[in-house]
Each structure stands twice: as structure tokens, then as C-alpha cells.
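Input: a single structure, listed below in C-alpha cells.
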């Protein structure tokens, strides 16, 4: 059975609160959930976070490439000219036509 990250992380937090070291916590979790449940490095990562008073079990938001054109912008372009191609919309919004096609597909327009 595969356990979610939140289940494993909550067990790591439990072991942290009980004063165990990260490697020992990882060993105990592997004994309970299987050998692939958690590696020592992952346990150490979460223990460092817990020591820093961050007991959230969720991943931190990640940076990434900023959005170049929004769904609303694409929708407005289509309302202005319903016969526009994705390449034309991309030129108007200064983004790639393939990005426009992906967004249109996600919005169930194509």
C-alpha cells in the first residue's frame, strides 16, 4: 500500500515531538509502512523544518516561471475576434501560440 506524503510527514512530526532523531524516526516509519516509506535524508529535511517552528505538513509554494497570459486575457481576445488563431492570440498577448492552445484546451475551448 502506498501512503500519502501527509501521512508520512505527520508520523515524522509525531516522532519529532517525542524527541527521536531523524534517522531513528525514519527507521521506525519504514518498519511500520514499508521500506519505501521514507529515506533518512527526507526525515532530516522535515526535522530541520520542525525545529524552525514550522510544523506545516504541506510543501512550501514553489517559484516558477511567471504567467505570461491569463485565461481571462485569452477569453477577451476570443470575444473580440472569435476567428482568431492561437498564434494570433499569442502575438496579441506576447506569449507563445502553444501556450494559448494549452490554456484553451484546459478551458475546454478545443
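In UniProt numbering, the protein residues as written are 1 to 110.
We put the beta carbon where it would ideally sit given N, CA and C, even for glycine.
- The C-alpha of residue 73 lies about 20 Å from the C-alpha of residue 64.
- Taking every protein chain shown into account, the CB of residue 2 has fewer than 16 other CB atoms within 10 angstroms, so this residue is exposed.
- A buried status is given to residue 16, since no fewer than 16 other beta-carbon atoms sit within 10 Å of its beta-carbon.
- The three-state secondary structure of residue 96, taken from DSSP, is coil.
- In this structure, residue 93 sits away from residue 84, with a CB-CB distance that is not shorter than 8 Å.
- DSSP places residue 21 in the coil class of the three-state scheme, outside both helix and strand.
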